[in-house]
Amino acid sequence: MMPNLTQLESDEIDYDPNNLLDTLIKQLHLKNDAALSRALEVAPPVISKIRHRRLPVGASLLIRMHEISDVSIKDLRALMGDRRAKFRISDKQFKPKDADNKG
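In full-length UniProt numbering, the protein residues as written are 1 to 103.
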């Protein structure tokens, strides 16, 4: 069953990566986003793009956040408003490339 538009809009409204980033900064006793980027070992623009919702919090970054904070992945996801019970991986990631599209 496909979610209706209202459910999708509600999910986007609930999604707040700033809460996650601000909580990590506070918990790790960091000064700002630049210090957080150093702690996470990512370039500062990555944090900025996440804050401005131009880049999602990817799995590898979520794992790194867990490693430096000892906060569970489930709790980190909850901090940013991700309430999904499961992550689904696209079946396209596991399909071999077509013979026509060889690089």
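Glycine included, C-beta positions come from ideal geometry on N, C-alpha and C.
Residue i: CB within 7 Å of a non-hydrogen atom of the ligand FMN
i, result
"P56", "The ligand content of the structure shown is nil, which means the ligand FMN is not present either."
Contacts around residue i, its chain only, beta-carbon distance under 8 Å, and the 5 residues preceding and following it disregarded
i, result
"I73", "L62, I63, H66"
"N32", "I25"
Enclosing alpha helix (DSSP H) for residue i [first to last residue]
i, result
"M65", "59-69"
"R77", "73-79"
"A43", "A43 -> no alpha helix (DSSP H), and no H or E assigned at all."
Among the options, nearest to residue i - alpha-carbon criterion
i, options, result
"D14", "I25, R53, Q27", "R53"
"R38", "L79, I68, P17", "I68"
Residues near residue i by beta carbon distance below 6 Å, same chain, minus five either side
i, result
"L40", "R64"
"V55", "Checking the sequence shown, residue 55 turns out to be Leu, not Val. K49, listed in sequence order."
Within 8 Å, strictly: CB atoms of residue i and residue j
i, j, result
"M80", "L36", "no"
"P44", "A59", "no"
7 Å Cβ shell around residue i - same chain, five flanking residues per side excluded
i, result
"Q27", "S69"
"D18", "Correcting the residue identity first, residue 18 is Asn in this sequence and not Asp. Excluding residues within five positions, the ones whose Cβ falls inside 7 Å are R51."
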